[in-house]
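One structure is given below, encoded as structure tokens.
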Amino acid sequence: MKFSINQLNHRVLLVFVVFLLNSCSKDSDDPTPQEIEITVTTADFSKTMDENPANGQVIGNVTGSTNEGTVTFSITEQAPAGAFSIDETSGELKVADETLFDFETTPTITGTVKVANGAVSNNATITILLSNVSEENIFEGSVFLKTQQEVDDFGANNYTEITGDLVIGDANSLGTATDLDPLITIEIIGGGLIVMKNSYLVSLNGLENLASLGGFLRFYENNSLENIEALSNIPVLNQNLWVTKNPKLINLKGLNNITSIMGEVRIDHNNSLISLNGLNNLSTISSSLFIERNPVLLNLDGLSNLNSITGTYYCCGSLHIKFNNSLSNINGLANLTQIDYNIEIFDNPNLADIDGFQGLSGNVGLNISISSTGITSVDGLRNITGVNGSLTISGNPSLMDVDGLNNIIYVTDNLFIDYNSNLKNVDGLSNLQMVTSLSLENNTQLLNVNGLVNLKEATYSLGIKNNPLLENLDNLSQLENVYDLRIWENILLSDFCGLRSLLLADGVSGEYRIYDNAYNPTKQDIIDGNCSL
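In this note's numbering, the protein residues as written are 128 to 660.
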């Protein structure tokens, strides 16, 4: 066979190329699969979720990858144990035990997941943060807990609401509860809360989550109770507040979130109560306020935001401050502008004035009674111009004048200025024009009645009795109308000429009785000008 020159060259070139390819294949440096370095990567897992999920609920996925083959996932540790599970091939986390996902007991769940490819692995840290969710676990009815065991047993149910009352203690015997921490889940009490006659209970810790109280709040006869600070989340009381006979309670901190009380407030017989701090945000009481027999209470500064005590006529709307031996001032009531029915200040021996009533002004519709051995001034009433009720200044042996009454024009009921053993004059009544009944009795230092210079009528009665230094009735010449007139037992009184204008105008339409004075003229004697000795 013959080849051309070109064909020969092509065959030689093809042989050469095949040789080169075989040489390259034999000399290759590529590594075998057994020589590849395996790597595994992952990332920490963190999630915030609501408490109380269902078993099997998906939490999320742990990531994992490798450069050769596949990875597997496994849990190496977790706290609390058994809380979650993981799919070994996908890395999917699920809830394994729903009871462990409880914010109140375990707000954070942690663990470690191993991501592996054979012997090569990497770890991912698991952090699950639980959010608190309102849980409706309701007890229907009222609860009575006397012993610590009863507190523990009831608390184990984790109730969040009680539809009736919660009573801690017993009315007939001493309670033995010492710790209310098992009640920490309670948020709502539909009725009232009573803590009474507990011998060992020092605080109310355990009731911090109580935020709604439908009824009354009462503490009485708790011999060891020192503070009530755990109640600081209650904003309103719909019924009464009683704090009575708690010998170690020193203040009312814990009631500081309360802005209004729709019922009676009674704070009495608390032997160590030194202040009312804790009521600082209280602005309204829709009934009456009693502050009585708290022997070391110094002031009422804790009531600095109180502006009204309201009620209906002859019911409620009253303020009573009585038998508080150490009370030195009531300035904490300076913002009080409304009291609907009654003020009674009685037997607070260290109380020198009533300046805390300066917020009461204009015509007030209430009865006012001031009677305390230490009172030297009634200037706290200086902004009142009329009293639609009665005014009694009686039994104040340190009081020398009534100048704080100098803006009062009328009193629609009784005005009693009695038994003030150092009262020298009634000049503070110089603007008084009308009163229903006026009584000046047993004021042993009273020298004159000149302060009644503008009095025009006592529509029911005028009585002046047993004022042993009173000698005349000058400056009663403006009197026009008195129904009953009684003047008796004033041993130096001998001048009745101040009544002549009244009697000339036949201004006494009812009883006229003047007796047991130094001089006892008849009506006609005074009309005829025989009005003095």
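For every residue, glycine included, the Cβ atom is placed at its ideal position computed from N, Cα and C.
Everything numeric in this text was worked out from a predicted model, so none of it was measured.
CA-to-CA distance, residue j to residue i, given in whole angstroms
i      : j      : result
Ser413 : Asp528 : 34 Å
Tyr537 : Leu337 : 49 Å
Ile502 : Leu493 : 21 Å
Asp292 : Gly319 : 5 Å
Lys583 : Gln560 : 5 Å
Asp663 : Ile253 : Residue 663 lies beyond the stretch modelled for the chain, which goes from 128 to 660, so this question has no answer here.
Ala645 : Leu620 : 5 Å
Asp643 : Ile614 : 9 Å
Thr226 : Val242 : 27 Å
Gly341 : Ile520 : 40 Å
Asp554 : Thr464 : 26 Å
Asn78  : Asn575 : Shown here, the chain extends from 128 to 660; a query on residue 78 therefore has no answer.
His447 : Ile472 : 6 Å
Asn657 : Leu579 : 22 Å
Asn602 : Cys624 : 9 Å
Ala585 : Ser415 : 31 Å
Asn264 : Glu288 : 6 Å
Ala181 : Gly438 : 53 Å
Ala246 : Ser201 : 13 Å
Asp156 : Ser248 : Per-residue confidence for Asp156 stands at a pLDDT of 48, beneath the threshold of 50, marking its modelled position as unreliable; the derived number appears in the next sentence. Asp156 and Ser248: Cα-Cα distance of roughly 30 Å.
Leu596 : Pro476 : 27 Å
Gly93  : Arg420 : No answer is possible for residue 93: it lies beyond the span of the chain, which begins at 128 and ends at 660.
Ser212 : Asn188 : 11 Å
Asn354 : Arg345 : 14 Å
Proximity to residue i [Cα-Cα], best of the options
i      : options                        : result
Ser525 : Asp474, Asn533, Ser564         : Asp474
Asp395 : Ile388, Pro374, Thr386, Ser496 : Pro374
Ala210 : Ser192, Leu630, Ile255, Thr216 : Ile255
Leu612 : Asp633, Leu620, Gly590         : Gly590
Ala298 : Asn285, Ile315, Val278, Leu272 : Leu272
Asn515 : Leu433, Ser504, Ile361, Asp540 : Asp540
Phe172 : Ser300, Asp229, Val240, Asn182 : Val240
Asn408 : Asn397, Glu391, Glu419, Ser387 : Ser387
Ile511 : Leu518, Asn490, Ile311, Phe200 : Asn490
Ile313 : Ser300, Ile535, Ala304, Gly333 : Gly333
Glu598 : Thr169, Lys551, Ser588         : Lys551
Gly486 : Ser435, Pro476, Cys442         : Ser435
Ser453 : Asn469, Gly444, Thr500, Asn462 : Thr500
Beta-carbon proximity list for residue i, same chain, < 6 Å, skipping 5 on both sides
i      : result
Ser636 : Tyr610
Thr290 : Glu267, Gly317
Ser402 : Asn378, Gly429
Glu356 : Lys380, Gly381
Asn456 : Asn426
Gly522 : Ser498, Tyr546
Gly196 : Asn244
Val294 : Phe271, Ile321
Ser445 : Ser415, Tyr468, Asn469
Val392 : Leu368, Ile412, Leu416
For residue i, three-class secondary structure by DSSP
i      : result
Val423 : coil
Glu162 : helix
Asp652 : helix
Glu195 : coil
Val278 : helix
Cys658 : coil
Asp177 : strand
Ser628 : helix
Gly438 : strand
Asp214 : coil
Arg640 : strand
Asn458 : helix
Asn432 : coil
Leu565 : strand
Asp554 : helix
Asp157 : Only weak support is given to the placement of Asp157: the predicted model assigns it a pLDDT of 49, under 50, and the value that follows is read from those uncertain coordinates. DSSP places Asp157 in coil when its eight states are reduced to three.
Met619 : This sequence places Leu at residue 619; Met is not what is there. It is coil, neither helix nor strand.
Residue i CB to nearest heavy atom of the ligand GDP below 7 Å
i      : result
Asn360 : No copy of the ligand GDP appears in this structure; indeed no ligand is present at all.
Chain-order list of residues whose beta-carbon lies under 7 Å from that of residue i (same chain, five-residue window excluded)
i      : result
Val198 : Val167, Gly191, Ser192, Val242, Ala243, Asn244
Leu460 : Leu427, Leu430, Leu433, Gly483, Phe484
Asp279 : Pro309
Same chain, Cβ closer than 8 Å to residue i, five either side skipped, listed in chain order
i      : result
Leu406 : Leu379, Leu382, Asn383, Ile385, Gly429, Leu430, Leu433
Asn558 : Asn533, Asn534, Ile535, Ile536, Asn581
Thr237 : Gln205, Ala206, Thr252, Ile253, Thr254, Ile255
Lys324 : Gly296, Asp297, Ala298, Ser300, Leu301, Gly302, Tyr347, Glu348, Asn349
4-residue-minimum alpha helix (DSSP H) runs that sit fully inside the segment 295-349, ordered along the chain:
Here no run is fully enclosed.
What residue ranges within the segment 475-530 form continuous beta strand (DSSP E) runs of no fewer than 3 residues, ordered along the chain?
Listed in chain order, they are 489-491, 494-498, 511-514, 518-521.
Could you give the uninterrupted runs of the beta strand (DSSP E) lying entirely in the segment 217-274, keeping only those of 3 residues or more?
Counting whole runs of 3 or more residues, the segment 217-274 contains the beta strand (DSSP E) stretches 219-222, 235-244, 247-258, 270-272.
If you scan the segment 357-413 from start to end, which runs of the beta strand (DSSP E) of 3 or more residues do you find wholly inside it?
List check, beta strand (DSSP E) in window: 368-371, 392-395.
Contiguous beta strand (DSSP E) assignments of at least 3 residues, all confined to the segment 582-610
List check, beta strand (DSSP E) in window: 584-592.
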